[in-house]
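A.B. asks: Protein chains in written order, with the UniProt record's numbering: chain P, 1 to 210; chain A, 1 to 210; chain D, 1 to 210; chain W, 1 to 210. Please find one structure pasted underneath; my questions will follow.
There are 4 protein chains.
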Amino acid sequence: MTERSAQKQFKPRKAPSQSRAEETVASIVEAAAQVLESEGLEGFNTNAVARRAGVSIGSLYQYFPGKDALTVALIQRETKRFYDDMAVALTKRGGKAALEYLIGAAVRQQLQRPMLAKLLDIEESRPGLRGEVGKPELENLFATVIQRAIPKHPHPEVAAGDLFAITRGMVDAAGERGETDIENLEHRLRAAVFGYLSKIGKDQAISDRR
Amino acid sequence: MTERSAQKQFKPRKAPSQSRAEETVASIVEAAAQVLESEGLEGFNTNAVARRAGVSIGSLYQYFPGKDALTVALIQRETKRFYDDMAVALTKRGGKAALEYLIGAAVRQQLQRPMLAKLLDIEESRPGLRGEVGKPELENLFATVIQRAIPKHPHPEVAAGDLFAITRGMVDAAGERGETDIENLEHRLRAAVFGYLSKIGKDQAISDRR
Amino acid sequence: MTERSAQKQFKPRKAPSQSRAEETVASIVEAAAQVLESEGLEGFNTNAVARRAGVSIGSLYQYFPGKDALTVALIQRETKRFYDDMAVALTKRGGKAALEYLIGAAVRQQLQRPMLAKLLDIEESRPGLRGEVGKPELENLFATVIQRAIPKHPHPEVAAGDLFAITRGMVDAAGERGETDIENLEHRLRAAVFGYLSKIGKDQAISDRR
Amino acid sequence: MTERSAQKQFKPRKAPSQSRAEETVASIVEAAAQVLESEGLEGFNTNAVARRAGVSIGSLYQYFPGKDALTVALIQRETKRFYDDMAVALTKRGGKAALEYLIGAAVRQQLQRPMLAKLLDIEESRPGLRGEVGKPELENLFATVIQRAIPKHPHPEVAAGDLFAITRGMVDAAGERGETDIENLEHRLRAAVFGYLSKIGKDQAISDRR
DNA sequence: CATGAATGAGCGTTCATTCAT
DNA sequence: AATGAATGAACGCTCATTCAT
Numbered sequence: 001m002t003e004r005s006a007q008k009q010f011k012p013r014k015a016p017s018q019s020r021a022e023e024t025v026a027s028i029v030e031a032a033a034q035v036l037e038s039e040g041l042e043g044f045n046t047n048a049v050a051r052r053a054g055v056s057i058g059s060l061y062q063y064f065p066g067k068d069a070l071t072v073a074l075i076q077r078e079t080k081r082f083y084d085d086m087a088v089a090l091t092k093r094g095g096k097a098a099l100e101y102l103i104g105a106a107v108r109q110q111l112q113r114p115m116l117a118k119l120l121d122i123e124e125s126r127p128g129l130r131g132e133v134g135k136p137e138l139e140n141l142f143a144t145v146i147q148r149a150i151p152k153h154p155h156p157e158v159a160a161g162d163l164f165a166i167t168r169g170m171v172d173a174a175g176e177r178g179e180t181d182i183e184n185l186e187h188r189l190r191a192a193v194f195g196y197l198s199k200i201g202k203d204q205a206i207s208d209r210r
Numbered sequence: 001m002t003e004r005s006a007q008k009q010f011k012p013r014k015a016p017s018q019s020r021a022e023e024t025v026a027s028i029v030e031a032a033a034q035v036l037e038s039e040g041l042e043g044f045n046t047n048a049v050a051r052r053a054g055v056s057i058g059s060l061y062q063y064f065p066g067k068d069a070l071t072v073a074l075i076q077r078e079t080k081r082f083y084d085d086m087a088v089a090l091t092k093r094g095g096k097a098a099l100e101y102l103i104g105a106a107v108r109q110q111l112q113r114p115m116l117a118k119l120l121d122i123e124e125s126r127p128g129l130r131g132e133v134g135k136p137e138l139e140n141l142f143a144t145v146i147q148r149a150i151p152k153h154p155h156p157e158v159a160a161g162d163l164f165a166i167t168r169g170m171v172d173a174a175g176e177r178g179e180t181d182i183e184n185l186e187h188r189l190r191a192a193v194f195g196y197l198s199k200i201g202k203d204q205a206i207s208d209r210r
Numbered sequence: 001m002t003e004r005s006a007q008k009q010f011k012p013r014k015a016p017s018q019s020r021a022e023e024t025v026a027s028i029v030e031a032a033a034q035v036l037e038s039e040g041l042e043g044f045n046t047n048a049v050a051r052r053a054g055v056s057i058g059s060l061y062q063y064f065p066g067k068d069a070l071t072v073a074l075i076q077r078e079t080k081r082f083y084d085d086m087a088v089a090l091t092k093r094g095g096k097a098a099l100e101y102l103i104g105a106a107v108r109q110q111l112q113r114p115m116l117a118k119l120l121d122i123e124e125s126r127p128g129l130r131g132e133v134g135k136p137e138l139e140n141l142f143a144t145v146i147q148r149a150i151p152k153h154p155h156p157e158v159a160a161g162d163l164f165a166i167t168r169g170m171v172d173a174a175g176e177r178g179e180t181d182i183e184n185l186e187h188r189l190r191a192a193v194f195g196y197l198s199k200i201g202k203d204q205a206i207s208d209r210r
Numbered sequence: 001m002t003e004r005s006a007q008k009q010f011k012p013r014k015a016p017s018q019s020r021a022e023e024t025v026a027s028i029v030e031a032a033a034q035v036l037e038s039e040g041l042e043g044f045n046t047n048a049v050a051r052r053a054g055v056s057i058g059s060l061y062q063y064f065p066g067k068d069a070l071t072v073a074l075i076q077r078e079t080k081r082f083y084d085d086m087a088v089a090l091t092k093r094g095g096k097a098a099l100e101y102l103i104g105a106a107v108r109q110q111l112q113r114p115m116l117a118k119l120l121d122i123e124e125s126r127p128g129l130r131g132e133v134g135k136p137e138l139e140n141l142f143a144t145v146i147q148r149a150i151p152k153h154p155h156p157e158v159a160a161g162d163l164f165a166i167t168r169g170m171v172d173a174a175g176e177r178g179e180t181d182i183e184n185l186e187h188r189l190r191a192a193v194f195g196y197l198s199k200i201g202k203d204q205a206i207s208d209r210r
């Protein structure tokens, strides 16, 4: 049986109507982030999260139908930051400036909580969590940014995916190595991103001509 | 040292003296690869590996002192393929040809077993497994390749790390998306690698001149 | 310290805050005693204890961080009885009466649960459990009793240790043989204890005079 | 099911007719002693014994039908030493001299291999091993020694049991404490033994007259 | 006979989840 | 609602024992 029939929900159990409940939910999600950051995947369990949040395990299950729902909520919280960054980026004048802004944002976030981003990347790719997080929308938005930066790019959504992957790869590796020099990492990341775009632009143009 | 001193060993427990044993060891490692590929990290447990290998759980523990040792053995088996590829790459005439060969090799391997590579990347970075796998040596060797490709590059080892990260990022993402078009992926990866190198070369040169 | 630093705790995991929990803890310890008594060391495993206590294995581990902690708890429960007996003994007028009271108490306890005492003696001496039980304090208190009984005894703490050993030896052997005649055993034990003291007193005095 | 129906044998599987086999058996038993002494009950397993003996686990099972049989063999080997000591003791002129000789022998043996004696005592009392070792005969012989020392003693076999228990208790405790002063231990043991006998003799005589 | 690879029942322990209070 | 005691499936691992070579 690879497919469980009684599909667990990933949505929070209730739309918290009272602000108290909202606070509780937020504190649980933040606790999840802290546990993940400080204890790693190994120490990421519901009891630890509840303890860190200062609520009972029962309360945690009042708001989240299961561990995965909590994970999804955390992923979405972190994803939202990218959304926000993206929104800011889209206010920038030039496309290049927008991209540079995003690179800076990614680096800053990563170096703040090095483990968190990486572990969420891992969780994100768990089969069964796939599709529960709004990655596609994010990439679409990112594709828009790219289209502005390189208007004639033939496949902006592919480029968006690649640049995501490149950024994630470099930034996670930096976190793992314990890099702290933001300037330097940002510099290299710019090289990777704009280097990729410059090459892809030309080549793809050529390959399309075929 | 805050780690526990009486660490479990990661080395295989015994050098199998009978040929039957060698087969058993190999079949266990291969079973580990298959379980990881098909069931993911969640289903990667020693009982499942033993079952898939067609041996008893006791046999598994006769050759591996613990689950982590098995993981390390699998990582090393996969790492060896890179070593071999690297060795071939170093026979290539030009540095660029060497790099291109490696890119091709990475893509081919990845698309054969998409999950495996990614999950091993994850495991590799588990605290407690760190340092048990000869990543540094691999990167040093890779730095040599880069030095040949871009002789005047100021920090080949940094570039090696970044290119590793870029490749891993793109190739894992491709696996996750279920990409199967080797040509296309290879093409984009070349763009990323050579794009990065072209930009980094110049910028760093400039920044060094300061 | 050659012992592993990240030692399992032997202290109960949590102070049970609800009265239901207190009962559970007590029932687990009592179940441990029963299992040890009826199944011996061989059958003394956490699952059997949980089953006998009528609780799940999870509950057992909620209160005891490991099997050893449970063993220690049981040892301490039994040790406390000696403490209490000792306290009563110290209220007796004469030292000899105190000693006789203790002998009687030891015999009575032993013949109630013959195996338990013996098996706990064994566990008590397991390296790794050593020092987790307050044996020294017990012997100190006992030394006080002896000092009252034989004021001029030169090494009361040595005598205390010897009398402990003698009592334990005789009483365990009696349990093993299935003796049930309390009177008779008590009689022989008195002979051993007072016989030892009478001889030791004189000899040691002489050897000290040297 | 407390009684296993297919009763394991405790006798060595075959009377070793060739001297090579005899040596193998002896080396296995000695290895068992060494493992028990150095690793404790926890480390006492058949594989460890075979390894220490320098034979294969298969060979061990060729000569001993099971672990318990090995344990019994070791117990009997150690018991034989007492037999021999007893035989020597019986050549002594006076009964008191015989007893003193035995006390000395017990102390010397114990302090040579402190753990061994204690752990064997423990194993000896395992239900299922009971009666497989010739304890009664040993105590009968010992009773003879006592009868010589205290001719008018009313219950020499009871006294024999008690003195065994006393000696074992004191000597094991000494081993546990790491005592090394043979003289001192022997002195206290003599006090215990002769103290017990002096008191028991009189009291029992009186109680018998009733 | 000797070897040692192989077996698998069984143990200690964890942790997601439920539910009586 | 909130609590936290209770549950139990499932995992990592050991070791007595067997059996093909």
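Here a beta-carbon is modelled for each residue, glycine too, at the ideal position from N, C-alpha and C.
#1: Quick check for students: name the residue ranges of the alpha helix (DSSP H) that lie wholly in the region 119-192 of chain W, counting only runs of 4 or more.
#2: Within a Cβ cutoff of 6 Å, which residues of the same chain sit near residue 143 of chain W, ignoring the five residues on either side of it in sequence?
#3: Go to residue 46 of chain D, then tell me how far its alpha helix (DSSP H) extends in each direction, as first and last residue.
#4: With a 10 Å radius around its C-beta and 16 neighbouring C-beta atoms as the bar for buried, classify residue 10 of chain D as buried or exposed.
#5: Terminal residues of the continuous alpha helix (DSSP H) containing residue 91 of chain P?
#6: Residue 192 of chain P to residue 53 of chain P, Cα distance in whole Å?
#7: Roughly how many angstroms lie between the CA atoms of residue 207 of chain D and residue 183 of chain W, to the nearest whole one?
#8: Under 8 Å, do residue 169 of chain A and residue 86 of chain P count as touching if we go by C-beta distance?
#9: Taking three-plus beta-carbon pairs below 8 Å as touching, is the region 171-190 of chain A in contact with the region 29-40 of chain D?
#10: Could you name the residues of chain D that residue 194 of chain W contacts, counting a contact when the two beta carbons are closer than 7 Å?
#11: Closer than 9 Å between beta carbons: that is the criterion. Which residues of the region 149-162 of chain P meet it against chain A?
#12: So which residues of chain A does residue 188 of chain P contact, with C-beta pairs closer than 7 Å?
#13: So what does DSSP say about residue 40 of chain D, is it helix, strand or coil?
#14: So residue 96 of chain W is in the alpha helix (DSSP H); what residue range does that whole segment cover?
#15: Just to confirm my understanding: we take residue 199 of chain W, look at its own chain, exclude 5 residues before and 5 after, and list those with CB closer than 6 Å. What are they?
#16: Using the three-state DSSP reduction, which class does residue 10 of chain P fall into: helix, strand or coil?
#17: Report back the beta-carbon spacing between residue 124 of chain D and residue 75 of chain D to the nearest angstrom; my notes put them in contact at under 8 Å.
#18: Whole angstroms are fine: how far does the CA of residue 51 of chain W sit from the CA of residue 20 of chain W?
#19: Pick from D:26, D:69 and D:24: whose alpha carbon is nearest that of residue 45 of chain D?
#20: Check whether chain D comes within 8 Å of residue 168 of chain W, counting only Cβ atoms and requiring the distance to be less than that.
#21: Just the C-alpha distance for residue 81 of chain A and residue 56 of chain P, rounded to the nearest angstrom, thanks.
#22: Is the Cβ of residue 3 of chain P closer than 8 Å to any Cβ of chain A?
#23: Shorter than 8 Å from the beta carbon of residue 93 of chain W to some beta carbon of chain D?
#24: Going along chain W, which residues have a C-beta under 8 Å from residue 176 of chain D?
#25: In terms of residue numbering, what span does the alpha helix (DSSP H) encompassing residue 59 of chain P cover?
#26: Against residue 40 of chain D, what residues of chain W qualify as contacts under a CB-to-CB distance less than 8 Å, listed in chain order?
#27: Please classify residue 91 of chain D as buried or exposed, where buried requires at least 16 other C-beta atoms within 10 Å of its C-beta.
#28: Just confirm the distance between the C-beta atoms of residue 43 of chain P and residue 115 of chain P, as a whole number of angstroms; I'd bet it's less than 8 Å.
#29: Under a Cβ-count criterion, where at least 16 other Cβ atoms within 10 Å of its own Cβ denotes burial, should residue 110 of chain W be classed as buried or exposed?
#30: Measuring only between beta-carbons, confirm whether residue 182 of chain D sits less than 8 Å from chain W.
#31: Near residue 101 of chain A, which residues of its chain fall below 6 Å by C-beta distance, leaving aside the five closest residues on each side in sequence?
#32: How should residue 152 of chain P be labelled, buried or exposed, when 16 other C-beta atoms within 10 angstroms of its C-beta is the threshold for buried?
C.D. replies: This is what the structure gives:
#1: Runs of the alpha helix (DSSP H) lying entirely within the region 119-192 of chain W, each at least 4 residues long, are 135-149 and 156-177 in chain order.
#2: Closer than 6 Å at Cβ, skipping near neighbours: 156, 157 and 160.
#3: Note, residue 46 of chain D: alpha helix (DSSP H), 46-53.
#4: With 16 or more Cβ atoms within 10 Å of its Cβ, residue 10 of chain D is classed as buried.
#5: That residue, residue 91 of chain P, is in no alpha helix (DSSP H); it is neither H nor E in DSSP.
#6: Answer to the nearest angstrom: the Cα atoms are 39 Å apart.
#7: With a pLDDT of 46 at residue 207 of chain D, under the threshold of 50, the predicted position of this residue should be treated as unreliable, and no value is reported.
#8: For residue 169 of chain A and residue 86 of chain P, no; Cβs fall outside 8 Å.
#9: Using a Cβ-Cβ distance cut-off of 8 Å, the region 171-190 of chain A and the region 29-40 of chain D are not in contact, since fewer than three pairs of beta carbons, one from each stretch, lie closer than that value.
#10: The contacting residues are 199.
#11: Of all residues in the region 149-162 of chain P, 158, 159, 161 and 162 have a Cβ within less than 9 Å of some Cβ in chain A.
#12: Result: 162 and 200.
#13: In the structure shown, residue 40 of chain D adopts coil according to DSSP, grouped into three states.
#14: That run of the alpha helix (DSSP H) goes 95-112.
#15: There are no such residues.
#16: In this structure, residue 10 of chain P counts as coil in the three-state DSSP scheme.
#17: 6 Å between Cβ atoms; contact.
#18: One C-alpha to the other measures close to 18 Å.
#19: Among D:26, D:69 and D:24, the Cα nearest to that of residue 45 of chain D belongs to D:69.
#20: Answer yes: the Cβ-Cβ gap between residue 168 of chain W and chain D drops below 8 Å somewhere.
#21: Here the C-alpha atom of residue 81 of chain A lies approximately 49 Å from the C-alpha atom of residue 56 of chain P.
#22: Here residue 3 of chain P scores only 41 on pLDDT, less than 50, and its place in the model should not be relied on; the value that follows carries that caveat. By the rule that beta-carbons nearer than 8 Å mark a contact, residue 3 of chain P does not touch chain A.
#23: Not flagged as an interface residue toward chain D: residue 93 of chain W, since no C-beta distance is shorter than 8 Å.
#24: Going along chain W in sequence order, the residues near residue 176 of chain D (Cβ under 8 Å) are 125.
#25: From DSSP, the alpha helix (DSSP H) with residue 59 of chain P extends over 57-63.
#26: By Cβ distance, chain W contributes 126 and 127.
#27: The residue is exposed, with fewer than 16 neighbouring Cβ atoms inside 10 Å.
#28: Contact between residue 43 of chain P and residue 115 of chain P is absent: CB atoms are separated by about 11 Å, not below the 8 Å threshold.
#29: Here residue 110 of chain W is buried. Its C-beta has 16 or more other C-beta atoms within 10 Å.
#30: Closer than 8 Å: no.
#31: Within the same chain, residue 101 of chain A has close Cβ partners 89 and 92.
#32: Its Cβ having fewer than 16 others within 10 Å, residue 152 of chain P is exposed.
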